[in-house]
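Down below is the structure, laid out as C-alpha cells.
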Amino acid sequence: MYAQLVETGAKRVKSLDEMSPEERAFQERIDAEIKIEPKNWMPDGYRQTLIRQISQHAHSEVVGMLPEGNWVTRAPTLKRKLQLMAKIQDEAGHGLYLYSAMETLGADRDEEIEKLHNGKAKYSSIFNYPTLSWADIGTIGWLVDGAAIVNQVVLQRTSYGPYSRAMIRICKEESFHQRQGYQILLDLMRHGTDEQKQMVQDSINRFWWPALMMFGPHDDDSPNSQQSMAWKIKRKSNDELRQMFIDQTVPQLEFLGCTAPDPDLKWNEERGHYDFGEINWQEFYDVLKGNGPCNRERIATRKKAIEEGAWVREAAVAYAEKQKQRAAA
Amino acid sequence: MTDTQLLQSYLLRLADSDMILGQRLCELCGKAPALEEEMALMNVALDLVGQARNWYEYVAELEDQGRDADMLAFRRDAHEYRNLLLTEQPNGDYAVTMARQFFFDVWHYHTLQSLVNAPDERIAGIAAKALKEVTYHLRRSSEWIKRLGDGTEESHRRMQDAVDLLWRFTGELIQPDEVDQQIAKAGIGPDPEQLRDDWRGMVKAVLQEATLTPQPDDAWMYLGGKRGEHTEHLGFILAEMQFLQRAYPDAKVW
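Taken in order, these protein sequences are the chains called L and C.
Residue numbers for the first sequence follow the working numbering, beginning at 4 and rising by one.
Residue numbers for the second sequence follow the working numbering, beginning at 42 and rising by one.
Below is the structure:
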C-alpha cells in the first residue's frame, strides 16, 4: 500500500440533500457501484484526491526501486539476481501505468514529479528505511509487497475506472513478488547457516513495525478517510486493513520459524483476530515529515537522476522535431 | 588446448561479457534519465544476465569439475574473467552508457548471427534465443546514438566525447586472437574478417547518420580482456557483485 494520509480537502462528508444536482448524480453513481470514467463529471475534490493518491502511489513504485537497487548489484546467485531485476522492472512498469492513470485526470507527470522532488508530494514511508542485508530483499517482498497487496486487492474495486484497472494488473504481479520474497526467507531459514538465519530474523525485526505503519494512522486520526470512503476511492479503513494483514501474516511468520518484535502479539479467541502492540506513531509522523533514515538520500537520488537526465530528454525532443521536419520536407 | 577447452574459453568470453555489462546496467537502477529508460535498461540487463546464465551452465557442463553457473559467476577472480574490456567501463553519462552499449551490441549481434548456425545444437539454441533479444538491444542503442548525436549541441558534444573515450576498447571486439581463429575454423564463431567488416560497416553507418565521427581504423587499441588482463575497474565490479558469496563461503543456499 503505497498511499498514506491522502488529503481530500473536505472537512466533513456532505449528505445527499446538501449536494448540487451534479454532485448528487455523481454520488448516486458511486453508490450504485458504477465506475467513474475520465470523461464523466466529477467534483473537484474527488479529482484532486485521486491525483494525490495515484501520484503518491506512482512515486512509491519509483522510489521503491531504490532500496532494491541497493542490492541488485550484490544479489547472491544468478537466479536471485534475475528475479530481483525482473521485480524492479515490473515496478518501473507499475509507475508508468499509474502515472498514465493519473494523467487521465488532467494532471501532468512532470509537474507531479516536481512536487515529489520539492517535498510537496509524499510516497510510502516504508521506502525511507534502509536495506542493510540481503534478507531485506526477501522481507520487502514478503512484508512490504504483502501489505501493498492487502490494500491493492481492495483498490481493485475503487470507484475510478482507470485506477481500478491499473490495480487489477498490478496485483497479479505483486502476488508473484510476494511469493518470491517469502521463498527467499524460507530457503534461508530451512537450508541456511546460523548466520543466514540470524540475517532473516534481524531483517524482520527492522521491517515489522514500518510495514504495519504502511496502512497509515488509526482510523480516529485519519481525517480524510471518511470522505475517501464515501467516494469509494478507499474501500476499507486503515485499521481494518492492518488487522487483515496481521491476521494473514502471523501464520506465515510462524511457518518461517521467526518471531515478531512485538511482545503483545497474540491470538485473541474472542475477537477472532490477533492482538498486537501499539505502533510508535511518533516515528511514523517523523518519517512522513522527512525525518526517516533515508528520506534525504531517496529524494536526492531521484532528483539527481531527473536533473542529470535533462539534456538526454531535451536531445530526444530535438531529434524527434528534426525528424518530423525532415519527413515534412 | 583441446577442443573442449577451446570452446570453454570462447564461451566464457560471451558469458563474462554479458554478465559484466549486465552488472554495469544494474548499477543504473533508479538513476536513468526517464522512467521509460529505467524499464528499458533493466530489460536489457535482464536479457544479458539471462544469457550469461545460459552460457555459464553450458561451460560448467563442458568443464565437468563440479562447478556450477553460480560458482563461475561469483567465485572467480578478475584474472579468470574473460569479458571484453569495453563491458567493464564505467557508466559515465548517458552518452557513454549508450556508446558502450552500441559498440557492444553491434559486435554481439554479428557474433550471434554466426553462433545460431553452430553445429553444436546447444550453442545454436542459446544463440537463437539471445539473438532475438540482442536484435532489440541493437535497434534501441542505434536509435539513441542518433538521437544524442543529432539532438542538441550539448548532446552532440557529449556523444562525440563518448565515442572518442571508448573507441580504444573496440579493437578487442574485432581483432581476433588464437581462440577466435580456431573457433571460426571449427565453424562455430564468426569469420574474423567478416566480423570486422560488419562491425565497422554498421558502426560507421550509424555514426554518420548521427553526425558523429569515428576514429581512424589504425587508432591505438587497448587489448587484454580476452586473456584476463583487465582495466582497474573489474576488481571493484567483482568485489561488489561477489560480496555475499565471498563473505559467506559456507552458505549453500541463498
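Heads up, the beta-carbon is just placed ideally off N, CA and C, and yes, glycines get one too.
- Can the beta-carbon of Ala292/C be found less than 9 Å from the beta-carbon of Thr196/L? In contact: Ala292/C and Thr196/L (Cβ atoms closer than 9 Å).
- For my contact list, Thr107/L and Pro41/L are in at a C-beta cut-off of 8 Å; report their separation, rounded to the angstrom. Contact flag correct, Cβ pair sits at about 4 Å.
- Query: In chain L, what lies closer than 9 Å to Glu281/C by C-beta?
  - Reply: Those are Thr76 and Arg77, listed as they occur along chain L.
- Item | Meets three-Cβ-pair contact criterion under 8 Å: the segment 116-128 of chain L and the segment 165-184 of chain L | Between the segment 116-128 of chain L and the segment 165-184 of chain L there are fewer than three inter-stretch CB-CB distances shorter than 8 Å, so the stretches are not counted as touching.
- Item | Contact the segment 272-281 of chain L vs the segment 221-239 of chain L: 3+ CB pairs below 8 Å | Touching, no.
- Query: Hey, out of Asp205/L, Met216/L, Ala138/L and Leu81/L, whose CA is closest to Pro188/L's CA?
  - Reply: Looking at the sequence shown, residue 188/L is not Pro but Leu. Checking every option, the nearest Cα to that of Leu188/L belongs to Ala138/L.
- Message: Output needed in chain order: residues of the segment 286-307 of chain L with a Cβ under 8 Å from some Cβ in chain C.
- Response: Contact annotation: in the segment 286-307 of chain L, residues whose CB is within less than 8 Å of a CB in chain C are Thr304, Arg305 and Lys307.
- Taking Glu68/C as the query, report the chain L residues whose CB atoms sit under 8 Å from its CB, ordered along the chain. Correct list: Thr76.
- Where Thr11/L falls, given that 16 or more other Cβ within 10 Å makes a residue buried: By the Cβ neighbour-count rule, Thr11/L is buried, with 16 or more other Cβ atoms within 10 Å of its own.
- When you check each C-beta in the segment 260-288 of chain C against every C-beta of chain L, which residues fall closer than 8 Å? When CB distances to chain L are screened at a threshold of 8 Å, the residues of the segment 260-288 of chain C falling below it are Glu281, Met282, Phe284, Leu285 and Gln286, in chain order.
- Query: Is it the case that the Cβ atoms of Leu291/L and Arg245/L are separated by a distance below 9 Å?
  - Reply: Taking the C-beta atoms as reference points, Arg245/L is found no nearer than 9 Å to Leu291/L.
- Query: When we look at the beta-carbon of Thr33/C and count the other beta-carbons within 10 Å, is it buried (16 or more) or exposed?
  - Reply: This structure cannot settle anything about residue 33/C, because the visible part of chain C is limited to 42 through 295.
- Item | C-beta contact flag for Arg141/C and Ala203/C at 9 Å | Yes, Cβ-Cβ distance for Arg141/C and Ala203/C is below 9 Å.
- Message: Could you give the first and the last residue of the continuous beta strand (DSSP E) run that contains Asn271/L?
- Response: According to the DSSP assignment, Asn271/L belongs to the beta strand (DSSP E) that extends over Lys269 to Asn271.
- Query: So Pro255/C and Lys245/C are in contact, right, with Cβ under 8 Å, and what is the actual spacing, rounded?
  - Reply: Correct: roughly 6 Å between the Cβ atoms.
- Message: For the segment 104-129 of chain C, list every residue whose C-beta sits within 8 Å of some C-beta in chain L, in sequence order.
- Response: Under the 8 Å Cβ criterion, the segment 104-129 of chain C contributes Ala110, Asp111, Ala114 and Phe115.
- Task: Return the bridge partner residues of Tyr122/C from the DSSP annotation.
- Result: Looking at the DSSP output, Tyr122/C sits in no beta bridge, so it has no partner there.
- Item | Against chain L: residues of the segment 70-92 of chain C by CB proximity under 8 Å | With the criterion set as a beta carbon lying under 8 Å from some beta carbon of chain L, the members of the segment 70-92 of chain C are Cys70, Gly71, Lys72, Ala73, Pro74, Ala75, Leu76, Glu77, Glu78, Glu79, Met80, Met83, Asn84, Ala86, Leu87, Val90 and Gly91, in sequence order.
- Message: Against chain C, with Cβ distances strictly below 9 Å, would Glu115/L count as a contact?
- Response: Chain C contact via Cβ: absent.
- Mind listing the chain L neighbours of Gln64/C? Cutoff is C-beta to C-beta under 7 Å, in chain order. Neighbours of Gln64/C in chain L, taken as residues whose beta carbon is under 7 Å from its own, are Thr76 in chain order.
- Item | Inter-residue spacing [alpha-carbon to alpha-carbon] between Ala288/C and Met112/C | Ala288/C and Met112/C: Cα-Cα distance of roughly 14 Å.
- Message: Could you give the first and the last residue of the continuous beta strand (DSSP E) run that contains Asp222/L?
- Response: Asp222/L -> no beta strand (DSSP E), and no H or E assigned at all.
- Cβ pair Ile164/C, Tyr97/C closer than 9 Å: No, Cβ-Cβ distance for Ile164/C and Tyr97/C is not below 9 Å.
- Item | Contact check, Leu248/C vs Gly212/C, beta carbons under 9 Å | Here Leu248/C is not near Gly212/C, since their CB atoms are 9 Å or more apart.
- Please state whether DSSP places His276/L in a helix, a strand or coil. Three-state result, His276/L: strand.
- Query: Just checking, does the segment 143-156 of chain L make contact with the segment 42-49 of chain L on the three C-beta pairs under 8 Å criterion?
  - Reply: Too few Cβ pairs lie closer than 8 Å, so no.
- Query: Got a sec? Which residues, its chain only, sit under 7 Å from Ser182/C by beta carbon, not counting five neighbours each side?
  - Reply: Short of 7 Å from the beta carbon of Ser182/C, and not among the five residues preceding or following it, lie these beta carbons of its own chain, in chain order: Met139, Gln142, Phe143 and Asp146.
- Hey, is the segment 186-203 of chain C in contact with the segment 213-231 of chain C, meaning 3+ C-beta pairs nearer than 8 Å? At 8 Å Cβ cutoff, the stretches do not touch.
- CB contact below 9 Å: Asp191/C versus chain L: It does: the Cβ of Asp191/C has a partner Cβ on chain L nearer than 9 Å.
- May I ask you to verify whether the segment 70-84 of chain L touches the segment 30-39 of chain L, counting CB pairs closer than 8 Å and requiring at least 3? Per the Cβ contact rule, the segment 70-84 of chain L is not in contact with the segment 30-39 of chain L (fewer than 3 Cβ pairs under 8 Å).
- Determine contact between the segment 75-89 of chain C and the segment 86-93 of chain L, defined as no fewer than three beta-carbon pairs at a distance below 8 Å. At 8 Å Cβ cutoff, the stretches touch.
- Query: What three-state label does DSSP hand Ile39/L in the structure shown?
  - Reply: In the three-state DSSP reduction, Ile39/L falls in the strand class (E or B).
- Inter-residue spacing [alpha-carbon to alpha-carbon] between Ser127/L and Tyr166/L: Taking the straight line joining both Cα atoms gives about 18 Å.
- Task: Say whether chain C places a C-beta atom closer than 9 Å to the C-beta of Met4/L.
- Result: In this prediction, Met4/L has a pLDDT of 45, which is less than 50 and means its spatial position is unreliable; nothing more can be read from the coordinates.
- In this structure, does DSSP put Tyr126/L in helix, strand or coil? In this structure, Tyr126/L counts as coil in the three-state DSSP scheme.
- Item | Three-state class that DSSP yields for Tyr163/L in the structure shown | Note: Tyr163/L maps to strand in three-state DSSP.
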